[in-house]
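Everything below concerns the one structure shown next.
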Amino acid sequence: MDENSNTAAKPGLGKEENTAKTVESPSGPVSVTGSSPEIVSDDTTDDLKIVMGDFDGPLDLLLHLIRQEQVNIYDIPVARIADEYLRYLQAMQELDIAVAGDFLVMAATLIELKTKMLLPRDPFAPAEEQDDPRKDLIDQLLEYQKYKAAAQMLWSRATVERAVFKRAEIETDKNNPEVTVGLFDLLKVFQEILARHKEEVMLEIGREEISMSEMLERLRNMVMSAGELNLRVFFERARSRRELVVAFLSVLELVRTTEIKLIQKQTFGDIVARVAS
83 MDENSNTAAK
93 PGLGKEENTA
103 KTVESPSGPV
113 SVTGSSPEIV
123 SDDTTDDLKI
133 VMGDFDGPLD
143 LLLHLIRQEQ
153 VNIYDIPVAR
163 IADEYLRYLQ
173 AMQELDIAVA
183 GDFLVMAATL
193 IELKTKMLLP
203 RDPFAPAEEQ
213 DDPRKDLIDQ
223 LLEYQKYKAA
233 AQMLWSRATV
243 ERAVFKRAEI
253 ETDKNNPEVT
263 VGLFDLLKVF
273 QEILARHKEE
283 VMLEIGREEI
293 SMSEMLERLR
303 NMVMSAGELN
313 LRVFFERARS
323 RRELVVAFLS
333 VLELVRTTEI
343 KLIQKQTFGD
353 IVARVAS
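Just so you know, we're using my numbering here: the sequence shown kicks off at 83 and counts up by one.
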């Protein structure tokens with residue numbers, strides 16, 4: 083058996099170890115070699131050895147049979163191909179392998195074509211009825227062959243790309259002049275400022291704490307007056323850890339209400355609050 087089968091494996095499926103089953107041939111040895119599943123004859127017996135694999139569908143099986151018979155796809159010997167096709171299905175049924183409906187439909191189509199090819203043509207029939215009855219099937223096979231080749235090419239390209247690792251592009255200010263800031267970026271700045279307040283006295287007599295509404299108003303005014311505000315500067319104005327927490331929550335609130343947006347003017351730069359457009 084030729085190991086270099088010209089039927090490509092289905093993309094995405096790994097190559098599995100083939101297991102062989104044997105059935106008696108009702109009509110002598112038959113050879114349908116090449117792609118898996120394979121039906122090969124034993125040189126010493128009349129047994130059929132069937133190695134099950136996978137065909138994508140009836141058109142895939144037909145293309146395999148045409149290649150095996152080494153015939154011109156534009157001049158398919160329907161009788162011979164139909165017989166091979168039917169014997170293949172018969173072997174599957176003898177092994178109790180479920181045959182998909184589209185394989186059976188193709189079998190009926192081949193039998194019909196075989197009958198038409200055997201019948202003499204009516205010289206008085208209209209011109210459209212004088213066309214080659216194989217034309218529709220040939221068109222289907224050519225179309226399927228084209229898409230199968232394209233799919234195989236894309237699969238091969240994807241396989242190569244998965245095996246090649248490219249260095250990711252390094253972000254620069256030119257590529258990304260302004261970066262939208264997420265919550266984790268904001269938390270990082272908050273934690274840095276918060277760490278500076280750890281040594282402060284937690285309770286200071288006579289200090290009046292600012293309320294949430296007052297902090298929101300302060301933040302609005304600072305952003306509106308300057309057009310933008312460096313949040314590191316805003317947080318560092320907090321006089322206590324509690325005030326720092328209130329400042330942080332006020333930023334989250336104005337982002338939530340879409341009054342401001344947070345950006346970085348350069349990668350890893352300070353976070354800036356800007357009036358949302």
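We treat Cβ as the ideally placed atom computed from N, Cα and C, and that holds for glycine.
Outcome for A190 when other beta-carbon atoms lying within 10 angstroms are tallied against a minimum of 16: exposed
The segment 288-308 touching the segment 269-278, judged by at least three CB pairs closer than 8 Å: no
Whether L192 touches V153 by CB criterion (8 Å): no
Close Cβ partners of R162 (< 7 Å) along its chain, the five nearest in sequence each way excluded: E151
Rounded Cβ spacing between L223 and I155 (contact assumed at less than 8 Å): 6 Å
Closest residue to I353 among L298, F317, E296 (Cα-Cα distance): F317
Through-space distance from A173 to Y226, alpha-carbon basis: 25 Å
Length of the line joining the Cα atoms of I345 and V315: One Cα belongs to I345, the other to V315, and the distance between them is close to 15 Å.
Range covered by the alpha helix (DSSP H) that runs through I193: 183-200
8 Å Cβ shell around L195 - same chain, five flanking residues per side excluded: Excluding residues within five positions, the ones whose Cβ falls inside 8 Å are V160, A164, P215, R216, L219.
Inter-residue spacing [alpha-carbon to alpha-carbon] between R203 and D221: 22 Å
Spatial neighbours of S332 in its chain, beta-carbon cut-off 6 Å, leaving aside the 5 residues before and after: M297, L298, L301
From A277, L311, A320, E274, residue whose alpha carbon lies closest to that of I292: A320
Expected contact under 8 Å - CB spacing of A358 and E341 to nearest Å: About 6 Å separates the two Cβ atoms, so the contact holds.
Burial state of A355 (16 or more Cβ within 10 Å): Residue burial is scored here from C-beta neighbours: A355 has at least 16 other C-beta atoms within 10 angstroms and is therefore classed as buried.
Coil, strand or helix - V357 by DSSP: The answer is strand: DSSP assigns V357 an E or B state.
Residues near I148 by beta carbon distance below 8 Å, same chain, minus five either side: I155, I158, I163, L223
Inter-residue spacing [alpha-carbon to alpha-carbon] between K343 and V337: 6 Å
Straight-line gap, W237 to Y229 (C-alpha atoms, nearest Å): Distance between the alpha carbons of W237 and Y229: 12 Å.
K256 to R239 span [Cα, whole Å]: Only weak support exists for where K256 lies, its pLDDT of 49 falling under 50; the value from the coordinates is given anyway. Rounded to the nearest angstrom, the two C-alpha atoms are 32 Å apart.
First through last residue of the alpha helix (DSSP H) which encompasses E296: Here the alpha helix (DSSP H) through E296 covers 294-308.
Reference L276, options V327, A231, P205, closest by Cα: V327
L186 classed as buried or exposed, judged by whether at least 16 other C-beta atoms fall within 10 angstroms: Sixteen is the threshold: since fewer than 16 other Cβ atoms of the shown chains lie within 10 Å of the Cβ of L186, the residue is exposed.
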